[in-house]
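Notes for the one structure printed next.
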Amino acid sequence: MKGYIQHIWFGQRRKTLRDFIRLTFAFFGCLVVLSAYQFARLYFDGVLPSIWNSSFFTLVIHHSGFTALVAFFLASIFNFLEGYRKLLGFGFAAIVFLGLLVLEGMLIEYYVRYYESLGADFVQKFADRTTLGKIFLSLLLLIPITTAMMYLFYKINSSSYKVINKMYPFTLIVLTWFLATLISEKNPVNENKTQYLVESYFKKYARSTKYKVTVQYPLLKLYESDQSLSEYFNFNEEKPNIVFLVMDGLESEFFHDQSPIKGVMPFLQSLKKRSLSWSNHMSNTTGSASLPVITGSLPIAENSFLDSEEYVNRNTLFSILSANGYYTSYHYGGNSSLGKVDKFLTQEHIDQMIDKKDFGPGYRKQEKDAARISLGYPDKELYRYWNDRFAGVQGSKLEVLHTLSTRRPYLIPERSRYRSRITKIIDEAGLDWRTSRSLRSKRAKLASMAYADDALKELIENYYRSKPEF
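If you're matching positions, the sequence shown starts at 16 in my numbering and goes up one per residue.
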């Protein structure tokens, strides 16, 4: 039986570079199939508008670059082992390719389930979100499937060597192709997951990320029991409206008087002077995972509440205020299914959940990124939609407006105008060359914060100030 299987896969003769090239093309074909699986899953989960889009073809290109890199390093090992013993090099290359396919398949499965690529924290996250039994079951499914696919593609691409043979030496071709794919922009949906994992490990251990502090717990302060917020509020018989504005990337430097970038968000600075603000705070999560923290003081712990497969009994502002007669709503210009925000809000039984699929004509999306995908609607469009459709809702309300313009890749409207504003602020700040250079490298983010500040001013001055409850 062993000899029969060896004959099917390997044959009897010594393998040459021709056979290695066929094996390489088979590996690439399997990666394309895995790409189709990833995009099909994301499409049927409502994350992507279609399967065969530019992001899919970008991912195929990145897979080809990864294939070229692996082939470049394996080619010399293949020749050495095959020269030492017949079929040894071919068998070694086949096992490496199969192992990489199994790993890529598991990483893709993780990505389509949790919408994030595994990096240097691979072991910890895998341990937190899965079990040995699930991993073993995945291996039982992936190993025979990938082996069958490799065998099929190996058999049908027997003519691939004829194409390569007319070009330059094979190793030069694959190295050139890999270098060409390095200049293309990547994001989680269109990058090879195994390559991202390896790069993350390299960055983690190649760079020193130690943070030295003089105080062990710089944010720790004694509790002062005489602090109270009641003196700041004028409570009437009518229940007040409560509005949360959730903005990513907002750091204290944007509204400190001594900050070199204090002019980036002037309206927010003016609000600080007539508002309650807290300077002693710490962020423990980002993006959509912040919603349970903000509305329910629910710590992220080992797993986010958004990642929980089962309902976790909790109290949030949504549930408490809804039980007290409040109209509850969530407004977001992006895709609420990313990060499972929609699942969390459905469990909270809110009255209205708005995301980018609800906007319709008359509202302009943010520009598409390198993967040809738009995050959704920028801040000004979100506020305008809210004012057009929901500002007139009567009764007490809890509203959460979640923005996205300050998220990467910072493709805000009128980008060049806001970047010019940032350049002017930096030039007039009189900074040393090191600080100036550092800020210039962050112009895209700073410009997005300036746009968000203008949008915030428009929200309050144009929409809220005219309302009786303001």
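Positions of the beta carbon are idealized from the N, C-alpha and C atoms, including for glycine.
In the structure shown, residue 271 adopts coil according to DSSP, grouped into three states. From the listed residues 381, 327, 273, the smallest Cα separation to residue 362 is found for 327. Spatial neighbours of residue 247 in its own chain (CB-CB distance under 7 Å, excluding positions within 5 residues in sequence) are listed in chain order as 291. Secondary structure of residue 57 (DSSP, three-state): helix. The straight-line gap separating the alpha-carbon atoms of residue 56 and residue 400 is approximately 30 Å. Cβ-Cβ distances below 7 Å link residue 460 to 264, 425 in the same chain, with the five nearest sequence neighbours on each side left out; the list follows chain order. Around the Cβ of residue 205, a 10 Å sphere holds 16 or more other Cβ atoms; the residue is buried. Beta-bridge partners assigned by DSSP to residue 415: 259, 345. For residue 362, there is no enclosing beta strand (DSSP E); the enclosing alpha helix (DSSP H) has its first and last residue at 356-362. When C-beta atoms of the stretch 359-378 are compared with those of the stretch 443-457, fewer than three pairs fall below 8 Å, so the two segments do not count as touching.
Counting only residues of its own chain and dropping the five nearest sequence neighbours on each side, residue 158 has a CB closer than 7 Å to the CB of 117. Residue 413 and residue 359 do not touch by the CB rule: their CB atoms are close to 15 Å apart, not below 8 Å.
Distance from residue 395 to residue 389 at the Cβ level is roughly 15 Å; contact not present, criterion being Cβ atoms closer than 8 Å.
Taking C-beta atoms as the reference points, residue 410 and residue 345 fail to come closer than 8 Å. Per DSSP, the continuous beta strand (DSSP E) segment holding residue 369 begins and ends at 367-369. Between the C-alpha atoms of residue 120 and residue 45 there is a straight-line separation of about 10 Å. Relative to the Cα of residue 78, the nearest Cα in the group 279, 93, 40 belongs to 40.
Residue 233 counts as exposed, since fewer than 16 other beta carbons sit within 10 angstroms of its beta carbon. Contact between residue 468 and residue 217 fails: their C-beta atoms lie close to 37 Å from each other, not under 8 Å. Around the C-beta of residue 34, 16 or more other C-beta atoms lie within 10 Å, and the residue is accordingly described as buried. For residue 247, the secondary structure class from DSSP, reduced to helix, strand or coil, is helix. Cβ atoms of residue 112 and residue 165 come within 8 Å of each other, at about 7 Å. Spanning the alpha carbons of residue 278 and residue 436 requires a straight line of approximately 10 Å. For residue 90, the uninterrupted alpha helix (DSSP H) segment begins and ends at 69-99. At the C-beta level, residue 156 and residue 109 stay beyond 8 Å of one another.
In this structure, the beta-carbon distance from residue 69 to residue 387 falls below 8 Å.
Counted as a single uninterrupted DSSP element, the alpha helix (DSSP H) harbouring residue 432 occupies residues 430-443. In the three-state reduction of the DSSP assignment, residue 327 falls in the coil class, being assigned neither a helical nor a strand state.
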